[in-house]
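Residue 157 in UniProt numbering sits at position 157 of the sequence shown, with consecutive numbering throughout. C-beta: ideal position from N, C-alpha, C; glycine also. All figures in this text were calculated on a predicted structure; none of them were measured in a lab. Reading through the structure tokens given below for one structure.
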Amino acid sequence: MNLRKFLGTENAEFQALIYFIIALGCFLSILGTLGFCGACRENKCCLVLYMFLLAIFIIAGVGVGIAAFVFGDKVQNYVSSITSQAYEFYGKESSHYDNFINLVQRELQCCGANGTWDTTKSGPIPDSCRNPNGDVYNSGCLNAVKAFFKKYMLIAALCVFLFALLQILSLVFAICLRQALSHVEFD
């Protein structure tokens with residue numbers, strides 16, 4: 001499935017998210033290198049810079065976590081609106097809508113936007129609406145998509161929380177190492 005084709009080339013939020021993830025990866029690489037060099041070479045300047053940038057990263061992570069919690073419903077509504085839009089264009093425009101809907105129906109074991117397939121709008125019931133026995137799924141895909149995102153947003157929140165704990169632990173170790181280097185210098 002070509003996600004860019006489905007979301008459209010004018011979707012600035014999607015493109016901004018991709019650039020943000022790339023920049024975040026670069027930042028984390030630099031941050032890790034600073035921490036590694038500071039610890040291995042016992043370089044206090046690298047350690048202090050590492051601690052400062054890590055503290056900023058922790059604060060930003062907490063802010064993003066709070067924003068994700070506050071705007072989680074908007075993300076779910078956005079995904080639901082995309083799914084609804086795909087159902088409106090199913091069988092009419094191009095096959096990327098059909099592929100998206102078929103994938104959702106097959107993976108989430110649902111049929112139609114609200115649990116029934118509208119044969120007058122969208123044509124005959126597709127095979128993706130049927131279980132291996134040939135029976136049509138009863139649940140609607142909009143609710144299934146919302147449940148899917150709710151489940152995985154909770155898992156993502158737990159991962160972010162564990163990652164934040166590791167960052168705080170890393171910051172504490174860097175502070176301890178910095179203090180140990182200061183005491184060695186004066187002894």
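Around the Cβ of GLY35, a 10 Å sphere holds 16 or more other Cβ atoms; the residue is buried. Around GLY61, the same chain offers ALA164 as residues with beta carbons nearer than 6 angstroms, after the five sequence neighbours per side are excluded. ARG106 sits in a helix when the DSSP states are folded into three classes.
Residues of the same chain with a CB within less than 7 angstroms of the CB of GLY140, apart from the 5 flanking positions on each side, are CYS110, GLY112, ALA113, ASN114 and GLY115 in chain order. Looking at ILE168, ALA180, ALA144 and LEU181, the one whose alpha-carbon comes closest to that of SER80 is ALA144. For THR83, the enclosing alpha helix (DSSP H) starts and ends at 72-89.
GLY25 and LEU154 have their C-alpha atoms spaced approximately 23 angstroms apart. Here LEU142 really is in contact with SER84; their C-beta atoms are around 7 angstroms apart, less than 8 angstroms.
Per the C-alpha coordinates, the member of LEU177, VAL160, LEU181 and ARG178 positioned closest to PHE57 is VAL160. Contiguous alpha helix (DSSP H) elements confined to the segment 119-150 occur at 119-122, taking only those with 4 or more residues. Distances from the alpha-carbon of ALA157 to those of LEU171, ARG106, TYR78 and VAL70 put VAL70 closest.
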